[in-house]
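Asker: Residue numbers (UniProt numbering): 1 to 295.
Below you will find the structure I want to go over with you.
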């Protein structure tokens with residue numbers, strides 16, 4: 001376990017020693033004594049937060065709306081700067097799921113989340129309580145990771161896969177870091193535009209154009225955190241100009257590029273997600289080559 005210090009943020013962070021048996025699934029462990037209004041920055045993954053222990057985080061999702069305990073949220077959690085996390089003595093395993101595998105793991109499409117933060121208990125019922133208890137009983141982070149991975153692998157094996165054409169389109173977007181022109185995706189997979197857009201949205205939880213913008217934003221945001229200038233980042237990540245980047249960052253986070261570069265939520269990635277970036281959400285069956293089963 002490593003200690004992450006960034007401004008007033010001091011967190012203990014643990015990483016699995018082995019990769020998940022499920023391609024497209026990554027996780028990290030967090031122990032936070034005091035969490036104060038952490039801005040949740042949108043990311044191109046489905047977020048699964050598994051809490052255990054005595055403390056509990058509170059997500060302020062919108063005026064008058066809160067969510068406590070273990071949660072699940074679709075791609076783009078925190079868009080508009082609308083979600084903040086706070087709490088005391090928080091312990092959790094955070095899982096990032098590629099949208100391509102999320103439907104199988106969750107037992108529901110990310111589209112069913114409708115952009116909201118949902119209690120895991122509402123989605124999984126009593127199984128959510130059992131997981132919390134099991135995570136609290138084991139004595140090490142590596143055991144917690146192994147337990148979580150085994151559970152999610154079983155669910156993934158039993159769940160329905162997305163259409164190969166949909167998976168291919170997602171991986172094409174991710175592999176290009178959001179620089180793919182979505183107009184050509186349907187033709188490349190041999191479907192009509194209407195069919196691809198409908199299947200993509202229903203199975204992954206967001207339309208292709210939104211996926212492109214989110215993936216591009218994620219890549220740009222991490223480069224800002226790495227200390228690169230906004231003008232250079234804009235020119236190198238597909239934005240028309242620096243003003244375009246500024247507008248996108250404001251739309252996704254409610255913050256300026258300069259403020260975003262100092263966000264702990266992103267700065268911790270170098271420790272918690274060493275394979276961070278959108279390329280981590282390619283799965284072994286989702287290369288940018290030909291579509292399996294194209295029809």
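Virtual Cβ for every residue (Gly too), placed ideally from N, Cα, C.
Going by the beta-carbon positions, is the gap between residue 189 and residue 110 smaller than 7 Å?
Answerer: For this step, residue 189 is matched to residue 189 along the chain shown. For this step, residue 110 is matched to residue 110 along the chain shown. Contact flag unset, no.
Asker: Contact check, residue 41 vs residue 265 under 8 Å by CB: the rounded distance?
Answerer: Residue 41 sits at position 41 when you count from the first residue of the chain shown. Residue 265 sits at position 265 when you count from the first residue of the chain shown. With a Cβ gap of about 5 Å, residue 41 and residue 265 count as contacting.
Asker: Going by C-alpha to C-alpha distance, which of 201, 206, 32, 250 sits closest to residue 217?
Answerer: In the chain shown, counting from the first residue as 1, residue 217 sits at position 217. That would be 250, whose Cα lies nearest to the Cα of residue 217.
Asker: What residue ranges within the UniProt domain "HTH araC/xylS-type" (181 to 263) form continuous alpha helix (DSSP H) runs of no fewer than 4 residues, ordered along the chain?
Answerer: You should have 185 to 189, 193 to 204, 208 to 225, 230 to 236, 242 to 253, 257 to 260.
Asker: With distances taken Cα to Cα, identify the nearest neighbour of residue 94 among 86, 103, 148.
Answerer: On the chain shown, position 94 is the one that residue 94 refers to. Of the listed residues, the one whose Cα sits closest to residue 94 is 148.
Asker: When burial is assigned at 16 or more other CB atoms within 10 Å of the CB, is residue 90 buried or exposed?
Answerer: On the chain shown, position 90 is the one that residue 90 refers to. Residue 90 is buried by the Cβ-count criterion.
Asker: Let's see if you can read the secondary structure: which residues bound the alpha helix (DSSP H) around residue 163?
Answerer: Along the chain shown, read from residue 1 onward, the residue named residue 163 stands at position 163. Residue 163 -> no alpha helix (DSSP H), and no H or E assigned at all.
Asker: Could you pull the start and end residues of the alpha helix (DSSP H) that residue 132 belongs to?
Answerer: One-based indexing of the chain shown puts residue 132 at position 132. It spans 126 to 137 - the alpha helix (DSSP H) in which residue 132 sits, taken as one unbroken run.
Asker: Mind checking residue 284: buried by the 16 CB within 10 Å criterion, or exposed?
Answerer: To locate residue 284, count along the chain shown from 1; it is residue 284. Any answer about residue 284 is weak, because its pLDDT of 39 lies below 50 and its placement is not dependable; what the coordinates show is given next. Exposed, since its Cβ has fewer than 16 Cβ neighbours within 10 Å.
Asker: Just curious, the alpha helix (DSSP H) that residue 83 is in, first and last residue?
Answerer: Here residue 83 is taken as the residue at index 83 of the chain shown, counted from 1. Looking at the DSSP string, residue 83 is not in any alpha helix (DSSP H), and its letter there is neither H nor E.
Asker: Are at least three pairs of beta-carbons, each pair with one atom in the stretch 116 to 128 and one in the stretch 46 to 65, less than 8 Å apart?
Answerer: Yes, since at least three Cβ pairs between the stretch 116 to 128 and the stretch 46 to 65 fall closer than 8 Å, the two stretches touch.
Asker: By a C-beta neighbour count over all protein chains shown, 10 Å radius and 16 as the cutoff for buried, is residue 143 buried or exposed?
Answerer: Your numbering for residue 143 matches position 143 in the chain shown. Residue 143 is exposed by the Cβ-count criterion.
Asker: Measuring straight from C-alpha to C-alpha, what distance separates residue 127 and residue 273?
Answerer: On the chain shown, position 127 is the one that residue 127 refers to. On the chain shown, position 273 is the one that residue 273 refers to. Each residue's alpha carbon lies about 27 Å from the other.
Asker: So is residue 139 buried or exposed if we call it buried at 16+ other beta carbons inside 10 Å?
Answerer: Against the chain shown, residue 139 aligns to sequence position 139. Exposed: under 16 other Cβ atoms inside 10 Å.
Asker: What do you get for residue 174, buried or exposed, if any count of 16 or more other CB atoms within 10 angstroms of its CB means buried?
Answerer: Counting from 1 along the chain shown, the entry for residue 174 is found at position 174. Residue 174 is buried by the Cβ-count criterion.
Asker: Just to confirm, is the Cβ distance from residue 225 to residue 267 under 7 Å?
Answerer: For the purposes of this step, residue 225 is taken as the residue at position 225 of the chain shown. For the purposes of this step, residue 267 is taken as the residue at position 267 of the chain shown. Yes, they are a contact pair.
Asker: Give me the residue from 238, 229, 73, 275 with the minimum Cα distance to residue 260.
Answerer: Here the question's residue 260 lines up with position 260 in the chain shown. For the residues 238, 229, 73, 275, the minimum Cα distance to residue 260 belongs to 229.
Asker: Please classify residue 79 as buried or exposed, where buried requires at least 16 neighbouring CB atoms within 10 angstroms.
Answerer: Numbered from 1 along the chain shown, position 79 holds the residue referred to as residue 79. Result: buried.
Asker: Output needed for residue 34: all residues of its chain with C-beta closer than 7 Å, excluding positions within five of it in sequence on either side, in chain order.
Answerer: Here residue 34 refers to the residue found at position 34 when the chain shown is read from its first residue. For residue 34, where only same-chain residues beyond five positions count, the Cβ hits under 7 Å are 88.
Asker: Which of the three DSSP states, helix, strand or coil, is assigned to residue 6?
Answerer: Here residue 6 corresponds to residue number 6 of the chain shown, with the count starting at 1. Three-state DSSP puts residue 6 in a strand.
Asker: Can you find the residues in the same chain that come closer than 7 Å, C-beta to C-beta, to residue 17, ignoring five residues on each side of it along the sequence?
Answerer: As a working note, residue 17 is residue 17 in the chain shown. Same-chain partners within the cutoff: 142.
Asker: When burial is assigned at 16 or more other CB atoms within 10 Å of the CB, is residue 243 buried or exposed?
Answerer: Position 243 of the chain shown, counted from the first residue, corresponds to residue 243. That one is exposed.
Asker: Please state whether DSSP places residue 179 in a helix, a strand or coil.
Answerer: Taking the first residue of the chain shown as 1, we reach residue 179 at position 179. Coil at residue 179, not helix or strand.
Asker: Does the Cβ of residue 7 have 16 or more other Cβ atoms within 10 Å, making it buried, or fewer, making it exposed?
Answerer: Counting from one through the chain shown, the residue named residue 7 turns up at place 7. With fewer than 16 Cβ atoms within 10 Å of its Cβ, residue 7 is classed as exposed.
Asker: Quick check on residue 19: buried or exposed, where buried means 16 or more other Cβ atoms within 10 Å of its Cβ?
Answerer: On the chain shown, position 19 is the one that residue 19 refers to. With fewer than 16 Cβ atoms within 10 Å of its Cβ, residue 19 is classed as exposed.
Asker: Do you know whose CA, among 100, 53, 275, lies nearest residue 318's CA?
Answerer: This structure gives no information on residue 318, because the portion of the chain shown stretches from 1 to 295.
Asker: Could you give the distance in angstroms between the alpha-carbon of residue 37 and the alpha-carbon of residue 187?
Answerer: As a position in the chain shown, residue 37 is number 37, starting the count at 1. As a position in the chain shown, residue 187 is number 187, starting the count at 1. So the two alpha carbons sit approximately 45 Å from each other.
Asker: For residue 102, which residues in the same chain have their Cβ closer than 7 Å to its Cβ, ignoring the five residues on either side in sequence?
Answerer: Counting from 1 along the chain shown, the entry for residue 102 is found at position 102. Closer than 7 Å at Cβ, skipping near neighbours: 46, 110.
Asker: Name the residue from 237, 55, 23 whose alpha carbon lies nearest to the alpha carbon of residue 136.
Answerer: For the purposes of this step, residue 136 is taken as the residue at position 136 of the chain shown. Checking every option, the nearest Cα to that of residue 136 belongs to 55.
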